[in-house]
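S.K.: Residue numbers (our numbering): 94 to 599.
Every residue gets a Cβ at the ideal spot worked out from N, C-alpha and C, and that includes glycine.
Small disclaimer: the values here were computed from a predicted structure and weren't measured.
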């Protein structure tokens, strides 16, 4: 008997010899109400069956929490002909067990079944994320909530929101209202912009929490700050253009950036805050102080990437001061790996590596500096899990600069402990798959670019290391993720039907 298809691959899965459990209109669900509601919604979408509330007599499906089950976020599923039980070590573990149970529901000639199976599962890494860039193109609250649902179904537990960039500022702050009044109206290509009110942001944070996800807000600086200059020109240097930036403008269109004018192009690296002006650090303190009060999660991301118009010396000064401001707020600073070049970055700062699978141009040394400080890394190798890279065949969406196009196989076939030399699991906080939105305008675009490649990133984040499980192979993954096609369709996920995957039709 073949194993049921689960993505990301579980630690242990064993099929039983008995008959499957049959889902019918009489099937009941008992136990934790939030988990029961989540299961009922997915079962209803997948099978059109409505689960009834049970009386806890052991028949039907039982959902419960038992702290003795295992470590944080772990769960156990036991299914036989008579019953199904899902036990989580905590509420998150139970939620993830429900996601797995939803994946293994299958149809035979008599109806819907859950196979006789025992699954024991727990995550490899504590941090498992996706990033959505809402600065290059703004995405409304409902789109963000939809992405949270999709990410949570893959046992991802962090949503990194890239809230600011040269093209726009997307979060209202009472302390600095001019940011959204003067710098939120545009997007790449001249499209309309937008921003989140504080109530909007709270709604996103609370919705994520209901799916056991944290929100990691990013305010990118000292580069990627042209929009800041629209609201506070006294804080921003004039744009500085290199020949490379002019090449990008020629290739992708748009006008050259000009101080005081909204920017809707795709070139990067031309903007900078004024590093030696104390008003800049008053601004940083205001922004992150207010954001910290709005963010219950532990992390605040201050960017730090592609500051090409800031000297190395000035960059180091800024990184040291910005990271200290965030640390003094009781939050953990996060920065892209370039910030590792700053000798005095706050020692609690988590680095986010976005270089290639084979590090280039000093990226590995900058990344390992965070480890040397006693912190950890989030891995986001651009040529594997940047979800905005084009597919080898498919839609015209996306870019190709990260050794692209990026196939599903390449998104899958990498091992986190092999990316940055000398950095093993102890130095890795987790894995995050970013989705930049220069070409991504709609929720349908997000679905197309993220699925199925986000599932590959989720397996790198959750499942045992490559070689530690017979399931952790490309051959296994492509079969398992292909089996999820009908479930994803029933959930409204408009995934890219990559010809690399043998997609099931039912």
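Do you know offhand how far residue 467's Cα is from residue 219's?
M.R.: About 17 angstroms.
S.K.: Specify the secondary structure class of residue 532 as computed by DSSP and reduced to three states.
M.R.: Looking at residue 532 - three-state DSSP - the assignment turns out to be coil, as it is neither helix nor strand.
S.K.: At which residue ranges does the segment 105-139 contain complete beta strand (DSSP E) runs of 3 or more residues, listed in the order of the chain?
M.R.: The qualifying runs are 105-108, 114-116, 121-124.
S.K.: Consult DSSP for residue 213 and reduce its assignment to one of helix, strand or coil.
M.R.: Here residue 213 sits in strand by DSSP.
S.K.: Please state the DSSP three-state secondary structure of residue 445.
M.R.: Strand, per DSSP.
S.K.: Decide if residue 215 is buried, meaning its Cβ has at least 16 other Cβ atoms within 10 Å, or exposed.
M.R.: With 16 or more Cβ atoms within 10 Å of its Cβ, residue 215 is classed as buried.
S.K.: When you compare the CB positions of residue 424 and residue 385, do they come within less than 7 angstroms of one another, or not?
M.R.: Yes; because the gap between Cβ atoms is below 7 angstroms, this pair is in contact.
S.K.: Would DSSP call residue 255 helix, strand or coil?
M.R.: Correct three-state label for residue 255: strand.
S.K.: By DSSP, does residue 488 sit in helix, in strand, or in coil?
M.R.: Three-state result, residue 488: coil.
S.K.: Within a Cβ cutoff of 6 angstroms, which residues of the same chain sit near residue 345, ignoring the five residues on either side of it in sequence?
M.R.: Closer than 6 angstroms at the Cβ level, and outside the excluded window around residue 345, lie 359.
S.K.: Please identify the residue among 213, 309, 452 whose C-alpha is closest to the C-alpha of residue 426.
M.R.: For residue 426, the nearest C-alpha among the options comes from 309.
S.K.: Which residues mark the beginning and the end of the alpha helix (DSSP H) in which residue 579 is found?
M.R.: Taken as a continuous stretch (DSSP letters only), the alpha helix (DSSP H) holding residue 579 covers 578-583.
S.K.: Ignore the nearest five residues each way along the sequence and tell me which others in residue 422's own chain have a CB closer than 8 angstroms to its CB.
M.R.: Cβ neighbours of residue 422 beyond the five flanking positions: 381, 382, 385, 393.
S.K.: On the criterion of 16 or more Cβ atoms from any shown chain inside 10 Å, does residue 355 qualify as buried, or is it exposed?
M.R.: Result: buried.
S.K.: Helix, strand or coil: how does DSSP classify residue 509 here?
M.R.: The answer is helix: DSSP assigns residue 509 an H, G or I state.
S.K.: Measuring straight from C-alpha to C-alpha, what distance separates residue 130 and residue 243?
M.R.: Distance between the alpha carbons of residue 130 and residue 243: 16 angstroms.
S.K.: Taking contact to mean 3 or more Cβ pairs, one atom from each stretch, closer than 8 angstroms, check whether the segment 454-471 and the segment 489-498 are in contact.
M.R.: With the cut-off at 8 angstroms, the segment 454-471 and the segment 489-498 do not touch.
S.K.: Any idea which residues DSSP pairs residue 393 with across the strands?
M.R.: DSSP output for residue 393 lists 426 as bridge partner(s).
S.K.: For residue 310, which of helix, strand or coil comes out of DSSP?
M.R.: Of the three classes helix, strand and coil, the one that applies to residue 310 here is strand, per DSSP.
S.K.: Which ranges would you report for the alpha helix (DSSP H) in the segment 211-294 if only whole runs of at least 4 residues count?
M.R.: Within the segment 211-294, the complete alpha helix (DSSP H) runs of at least 4 residues are 234-245, 271-276.
S.K.: Measuring straight from C-alpha to C-alpha, what distance separates residue 179 and residue 122?
M.R.: Their backbone Cα atoms lie some 11 angstroms apart in a straight line.
S.K.: Would you kindly check if the distance between the Cβ of residue 573 and the Cβ of residue 199 is under 7 angstroms?
M.R.: Cβ distance not < 7 angstroms, so residue 199 and residue 573 don't count as in contact.
S.K.: Checking the sheet assignment: what are the DSSP bridge partners for residue 168?
M.R.: 181, 214, per the DSSP bridge assignment.
S.K.: Roughly how many whole angstroms lie between the Cα atoms of residue 117 and residue 106?
M.R.: Near 25 angstroms, if we compare the C-alpha coordinates of residue 106 and residue 117.
S.K.: Given that a residue counts as buried once 16 or more other Cβ atoms are within 10 Å of its Cβ, and exposed if not, what is residue 491?
M.R.: Buried, by the Cβ-count rule.
S.K.: On the DSSP bridge assignment, give the partners of residue 154 in chain order.
M.R.: Answer is 122, 177, bridged to residue 154.
S.K.: So is residue 350 buried or exposed if we call it buried at 16+ other beta carbons inside 10 Å?
M.R.: Classification for residue 350: buried.
S.K.: In whole angstroms, what separates the C-alpha of residue 273 from that of residue 543?
M.R.: C-alpha separation (whole angstroms): 29 angstroms.
S.K.: My guess is that residue 365 and residue 330 are in contact by the Cβ rule of under 8 angstroms, so how many angstroms apart are they, rounded?
M.R.: The pair is a contact, with the Cβ atoms about 5 angstroms apart (cut-off 8 angstroms).
S.K.: Count the other C-beta atoms from every protein chain shown that fall within 10 angstroms of the C-beta of residue 595, then say buried if there are 16 or more, exposed otherwise.
M.R.: Exposed: under 16 other Cβ atoms inside 10 Å.
S.K.: With residue 596 as the anchor, note down where its alpha helix (DSSP H) starts and where it stops.
M.R.: Looking at the DSSP string, residue 596 is not in any alpha helix (DSSP H), and its letter there is neither H nor E.
S.K.: Do residue 241 and residue 304 count as a contact pair if the criterion is CB distance below 7 angstroms?
M.R.: The answer is yes: Cβ separation under 7 angstroms.
S.K.: Would you call residue 266 buried or exposed, if buried means 16 or more other Cβ atoms sit within 10 Å of its Cβ?
M.R.: Under this definition residue 266 is a buried residue.
S.K.: Report yes or no: do three or more beta-carbon pairs, one from the segment 284-298 and one from the segment 371-378, lie closer than 8 angstroms?
M.R.: In short, these stretches do not touch, since the Cβ pair count stays below three.
S.K.: For residue 494, which three-state DSSP category applies?
M.R.: It is coil, neither helix nor strand.
S.K.: Using beta-carbon positions only, say whether residue 446 and residue 460 come within less than 7 angstroms of one another.
M.R.: Their beta carbons are under 7 angstroms apart, which means residue 446 touches residue 460 by this criterion.
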